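A short write-up of the structure that comes next.
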Amino acid sequence: MRYHTPQTFEDAARIAAGAAGVTRFLAGGTDVLVQMRSGLVLPDDMIDLKHIPGVRDIARTADGGWRIGVAVSGAELGEHAALKADWPGVVEAMELIGSTQVQGRATLTGNLCNGSPAADSVPGLVAAGAMVTVTGPSGSRDVAVETIPAGPGKTALAPGELISAITLPPRGAHGGDAYLRFIPRTEMDIAVVGCAVNLVLDGDQIASARVALGAVAPTVILVPEAAAAITGTALDAAALEALAGAASAAARPISDKRGTADFRTEVAGVLARRVAEIAYARAKGHAK
Amino acid sequence: MAKDEMTREFKLVGTRALRPDGLDKVTGRARYGADFALPGMLWGAVVRSPHAHARIVGIDAAKALALDGVKAVVTRADFPAGLTGSDWDIQENVMAGEVALYDGHAVAAVAATSALIAQEAARLIEVSYDLLPHVTDVDAAMRPDAPAIRPGSADHTVPDGMSPNVVSYIEYGRGDLDAGFAEADIVREQTYKSEATHQGYIEPQACVGQLGADGKGEMWVTTQGQWYVRRDCANVLGLDVAQLRVTPSEIGGGFGGKTTVFMEPLALALSRKAGGKPVKLVMSRAEVLRATGPTASASMDVKIGMKKDGTMTAGRVEFRMQGGAFPGSPVPDALKCAFAPYKLPAVLHIGYDVLANRPKAAAYRAPGAPMAAFAVESLVDEMARELGLDPLELRQKNAVEEGDQSSYGPKFRKIGLKEVLAAARAHPNLAAPLGPNQGRGIATGYWSNYNGDTAVSMAVAEDGTVQVSVGTPDIGGSRASIGLMVAEYLGIPYESVRVNVVETGALAINEPTHGSRATFANGKAAVAACDQAIKEMCRRAAADWGIDAEAVEWIDGAAQPAGPNAGKFPPMSLAEIAGRMSDSGGPIAGHFEGIPRGVGASFGTHVVDVEVDPETGRTTILRYLVVQDAGRAIQPAYVEGQYQGGAAQGIGWALNEGYVYGADGRLQNATFLDYRIPVASDLPMIDTVIVEVPNPGHPFGVRGVGETGIAPPLPAVANAVAAATGVRLRELPMSPPKVLEAIRGRRDG
Amino acid sequence: MSKIHVTTTVNGDPVEFLADPRETLLDALRDRLGLTGSKEGCGTGDCGACSVLLDGRLVSSCLVLGVEAEGKRVDTIEGLAEADGTLHPLQRKFLEHAALQCGFCTPGILVASKALLAKNPDPTEEEVRYWLAGNLCRCTGYDKIVRAVIDAAAEMRGAA
């Protein structure tokens, strides 16, 4: 295995584009090293992105959003008070991944590019309307985060392309987001179901909402029907029921070692209801 | 020590002395299995079958052998033929012969100059297979049309017409079962199932082995029993047992799983083939889960007759257990434990040992007892609820005591079940209020405890300090407990005793630390060894004083004249005698070889409060209480630790642990990510009550405390979940999807 | 495969080693530098037995490549006690509370606990449990570990 430490994303893309064998980008390494240990992936070229200036930065964008470097760890994200105040759901989702030790290394970008339908941080990013910058040998483009996952273990990135930053939009007033997942233990498990809700209030009414589900389809999915079920409501009991029903209806899960399809379908609705209440409380300014 | 000494005060026994190996273990200095290295050492890797059941058609190692740095490849052809019985079983499990019997079964091994080269070489070894039909479920394996795993391997006990996978049949009981059931007001029968779990020790198997062409070898290994490693490796490889010297490392957990060998003989075989260079083998976690012994999965029928007042009149169990593709599931011990807590006039036990395409089961903490307790204690709870009886009172009513004939035959000697139940009743946890979706569960468990081959020696050093050599690796504080007992008995400071866990060349054979025997057997053996040394020290003092040796006794760490008629001499301390021993007759030592008699059984009762999320089926442990009879707690903190650890393992078994096999017969959860043992945030503090009903068969009253505690959690949690939800889960683990489905069934029904 | 020369600081000492780029930091510590106090229980970041601090941040050394340690500061269990052997309060409290049985997970738990107390000198039981959720212990049921950490924290606050 060759180990590369490029100084720019363009160089990183060029190394990847020119490599003949198995190539992996290294940020936190908490997925790729596990794959190497199990013999599942044996890279010929390992491209460490952490030598590129700015990859550990969390910065305000000109419009009041946030730009998050690809090597920012979950622990660093969690320690950033201003970002956490704006997007608590995005941050809490990232912080749920793995152990404290994994938090010291794991990144949002890595979680996204691992392509797992159960990736904890992805529903939160999708609900938040995050954008990612994709850099390839021929330049960069910005795309919506939900266009990246393409199926279990797959992304829409072309060979030689990589993500060079994640951008969160400005939070704005009267907004709130939240993420919950279901796992059998209290920690250390892969989500059996995950759900993120991001909403903006107009008074007591939900003016707009985005609901995303994880681990109930080949990719994390955005569920407009679920958002529609609560938009225009004050999240009363009927709205919550409609939300749960829409979330369960959107779920197209499989049965596997972590849970049955029936269980995932039912719990998707339960979580949607619980998450929406947290996001709503946050939007009202009640910390929860 | 006489019976009346059972209640005497001790100076050291019962104190929370620091463990002598503690400093090494908090500084990272303690050397575990993978921490050894030798000059010129090679690294090994094992090729394992990806199939549940397949004929091995060919093994081509040419590409691996062509790789730079590769020194040896071994297959079954490198092992002697002609082994029989359990020796053949172990050899076959270490390295498959004609057929790979389970996913993870070793088929070849390679040694190379680095771990990375060895792993690469293992990937280059090409094995071709013809797939055979497989079966992993115990009930499916018992069907007459099930794929036959090892035809002809049934022993004489198996009735005609059974599935070829039934290899042993057990039936015994006493009393008139029909009359017992007829006498009952209610008779209930249910079926329970439990999935296989793994011991889950955090330290994977690891060893360094060296074997020369002269048949002499050495091994450094993490094990619960170095003599078993020596014997099993020698048998598997056709060596003379005494020509192999095995040194145990510190051990990172075992729970029964390190009482036998899995890949250790491969290190020796590779070493022999690589010209005698030492070979290091370290399992990955996936190898541990796929190829070292989990426990059995079980399918169990229980039938109990009970009067309206809770008196039990008869009981019948029929247990079916698979222990992998080899005979030896823990069904005999499961049967023994099933009804042990209860006075029963009539009882029948039936057991089936069944083969399935899974790894060879190894012992796991009170082997068989947890499943048996799950089945019987669940039904007892169901019947208590049906009759509106208090489950603890019902157990008190039927509890066995000294002199009762046990359900499995022998009469109980002094036991502490009634004291345990009374202590549980008195605990504040039983009065804690419960909220919505919360429930309380109670269950009892039993383990008979064990003695086994034991050799211990002690020797006095020149300055009056004492070394003790024991043969059981220190898996959880046994150096401390043995040191306390020896110091107490000799009347010297705890700090003056060094307890060494020694290699096979230093003592006669010892069984591993299993059966909760370490403190019981070593303690009793060490006392016998100390008696020899004391006798010799009294003789030396007598010679010095010019009186009869019989006129000297050992009191408070010194030889003293026995009474006024013996003469007037000041006490001669152990240190004084030791300082002059070279001039007074040479070394002073003592030893014991034998099987210490007088094992004392241990009962425990657990009380757990849970909350179940009615919308997700997720169970949270709110409160947990362990009450168990220790006989005597030599070092109470480590006794509590055993209680807490057993409870945690049992909670894991009850809720989330279990082997998951796909339709292809492959293990799907061979990682700690998906084999879900409890993490710190899953558990509350675990309250403990140490009941002490001293065992008259031991100089300090020790019973053995390690194993009983894993049995009650399975039914206690199941009973608590039933109390919280109103639905009864009769299959483990009680994972959230299963609990939610049961709750949903209740809502719909 | 050609090896890469790595210069790093371990427990305050400058060290150098040659690493195959596929080797983990845990491999480097154990097999190149002879620091076998960090353990491998899983190799997949699920057990925490290999916990070390990397530039002060708690990580699983099995999930870090050895070559990534270049120019960084690594702190392991071997550096927890003072140079003269005086034990860290956590080490002492683990002994006093009998917070270890087999002791295999102990180095990782001590390193992780040190990182916790550096960040949060007065953790609740729940905070200790969640911080240590990635440090599996199969022997103790965690009870005595949690008590030892809380007790060490109290002593360290008193001493400060």
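Chains as they are written, first to last, in the numbering used here: chain A, 2 to 289; chain B, 408 to 1156; chain C, 184 to 343.
Beta carbons are placed, not taken as given, at the ideal position from N, Cα and C, and that holds for glycine.
Fair warning: this is a prediction, and the values are worked out from it, not measured in the lab.
With 16 other Cβ atoms within 10 Å as the buried cut-off, status of residue i
i	result
Lys418 (chain B)	exposed
Gly231 (chain C)	buried
Gly287 (chain A)	Checking the sequence, you will find His at residue 287 (chain A) rather than Gly. It is exposed - the Cβ of His287 (chain A) has fewer than 16 other Cβ atoms within 10 Å.
Arg330 (chain C)	buried
Asp442 (chain B)	buried
Ala459 (chain B)	buried
Tyr599 (chain B)	buried
Asn972 (chain B)	exposed
His188 (chain C)	exposed
Lys410 (chain B)	With a pLDDT of 44 at Lys410 (chain B), under the threshold of 50, the modelled position of that residue is not reliable, and the figure given next carries that caveat. Exposed, because fewer than 16 other Cβ atoms sit within 10 Å of the Cβ of Lys410 (chain B).
Met408 (chain B)	Because the pLDDT at Met408 (chain B) is just 42, under 50, the model does not fix this residue reliably, and the value given afterwards should be weighed accordingly. Under this definition Met408 (chain B) is an exposed residue.
Gly992 (chain B)	exposed
Residue interval of the beta strand (DSSP E) (run including residue i)
i	result
Asp258 (chain C)	Arg256 to Asp258
Thr926 (chain B)	Here Thr926 (chain B) belongs to no beta strand (DSSP E); instead the alpha helix (DSSP H) covers Ala925 to Trp952.
Asp143 (chain A)	Gly140 to Ala145
Cys196 (chain A)	Val194 to Asp203
Arg697 (chain B)	No beta strand (DSSP E) contains Arg697 (chain B), which is instead part of the alpha helix (DSSP H) from Arg692 to Ala698.
Arg727 (chain B)	Met719 to Gln729
Ile207 (chain A)	Gln206 to Gly215
Thr168 (chain A)	Leu163 to Leu169
Tyr896 (chain B)	Note, Tyr896 (chain B): premise wrong, no beta strand (DSSP E); alpha helix (DSSP H) at Ser885 to Leu897.
For residue i: DSSP bridge partner residues
i	result
Gln597 (chain B)	B:Val709
His188 (chain C)	C:Leu201
Glu80 (chain A)	Note: Glu80 (chain A) sits in no beta bridge, so no partner.
Asn907 (chain B)	B:Ser876
Val1033 (chain B)	B:His1013 and B:Thr1095
Pro968 (chain B)	B:Val959
Thr24 (chain A)	A:Asp46
Ala1159 (chain B)	The first residue shown for chain B is 408 and the last is 1156, placing residue 1159 (chain B) beyond what the model contains.
Asp210 (chain C)	In the DSSP output, where bridge partners are listed per residue, Asp210 (chain C) has none listed.
Residue interval of the alpha helix (DSSP H) (run including residue i)
i	result
Pro290 (chain C)	Thr289 to Lys302
Trp88 (chain A)	No alpha helix (DSSP H) holds Trp88 (chain A); DSSP gives it neither H nor E.
Val615 (chain B)	Counting along the chain, Val615 (chain B) falls outside any alpha helix (DSSP H), though it belongs to the beta strand (DSSP E) covering Ala613 to Leu618.
Thr1132 (chain B)	Pro1120 to Thr1132
Pro774 (chain B)	Note, Pro774 (chain B): premise wrong, no alpha helix (DSSP H); not H, not E.
Glu1000 (chain B)	Counting along the chain, Glu1000 (chain B) falls outside any alpha helix (DSSP H), though it belongs to the beta strand (DSSP E) covering Ala996 to Gly1001.
Val668 (chain B)	Element bounds for Val668 (chain B): n/a, residue is neither H nor E.
Leu523 (chain B)	Ala522 to Leu531
Proximal residues of chain D, C-beta to C-beta of residue i below 9 Å
i	result
Arg438 (chain B)	Absent from the structure is chain D; the protein chains it does hold are A, B and C.
Heavy atom of the ligand GTP within 7 Å of residue i beta-carbon
i	result
Gly848 (chain B)	Looking at this structure, you won't find the ligand GTP or any other ligand, since it has none at all.
Distance between beta carbons of residue j and residue i, contact taken as under 8 Å
i	j	result
Ser575 (chain B)	Asp562 (chain B)	5 Å
Pro1140 (chain B)	Glu1064 (chain B)	6 Å
Ala1123 (chain B)	Gly848 (chain B)	4 Å
Phe669 (chain B)	Arg772 (chain B)	Contact flag wrong, Cβ pair sits at about 18 Å.
Using a Cβ-Cβ cut-off of less than 8 Å, give me the residues of the stretch 283-306 of chain C that come near chain B, in sequence order.
The residues in question are Leu283, Gln284, Cys285, Gly286, Phe287, Cys288, Thr289, Pro290 and Leu293.
Contact list for the stretch 324-341 of chain C against chain B, Cβ threshold 9 Å:
Result list: Gly324, Tyr325, Asp326, Lys327, Ile328, Val329 and Arg330.
Which residues, in order along the stretch 216-230 of chain C, keep a beta-carbon less than 9 Å from a beta-carbon of chain B?
Taking 9 Å as the upper bound on Cβ-Cβ separation, chain B lies near residues Gly217, Leu218, Thr219, Gly220, Ser221, Lys222, Glu223, Gly224, Cys225, Gly226, Thr227, Gly228, Asp229 and Cys230 of the stretch 216-230 of chain C.
Taking a Cβ distance cut-off of 9 Å, strictly less, list which residues of the stretch 265-279 of chain C are near chain B, in chain order.
Within the stretch 265-279 of chain C, the qualifying residues are Gly268, Leu270, His271, Leu273, Gln274, Arg275, Phe277, Leu278 and Glu279.
According to a CB-to-CB cut-off of less than 8 Å, which residues of the stretch 68-88 of chain A neighbour chain C?
Per Cβ criterion, the list reads Ser74 and Ala76.
What are the residues in the stretch 683-695 of chain B lying within 7 Å of chain A by C-beta distance?
So the close ones are Ala693.
Any C-beta of chain B within less than 7 Å: which residues of the stretch 168-194 of chain A qualify?
Within the stretch 168-194 of chain A, the qualifying residues are Phe183, Pro185, Arg186, Thr187, Glu188, Met189, Asp190 and Ile191.
Members of the stretch 11-40 of chain A that neighbour chain B once the beta carbon cut-off is set at 8 Å:
Answer set for the stretch 11-40 of chain A: Arg38, Ser39 and Gly40.
Any residues in the stretch 247-267 of chain C with a beta carbon nearer than 8 Å to a beta carbon of chain A? Which ones, in chain order?
Here the close residues are Val247, Leu248, Val250 and Glu251.
Tell me which residues of the stretch 94-114 of chain A have at least one Cβ-Cβ distance to chain C shorter than 7 Å, keeping chain order.
Of all residues in the stretch 94-114 of chain A, those with a C-beta nearer than 7 Å to a C-beta of chain C are Gly99, Ser100, Thr101, Gln102, Val103, Gly105 and Arg106, reading in chain order.
Determine which residues of the stretch 46-62 of chain A have a Cβ less than 8 Å from any Cβ of chain C, and write them out in chain order.
Listed by position along the chain: Met47, Asp49 and Lys51.
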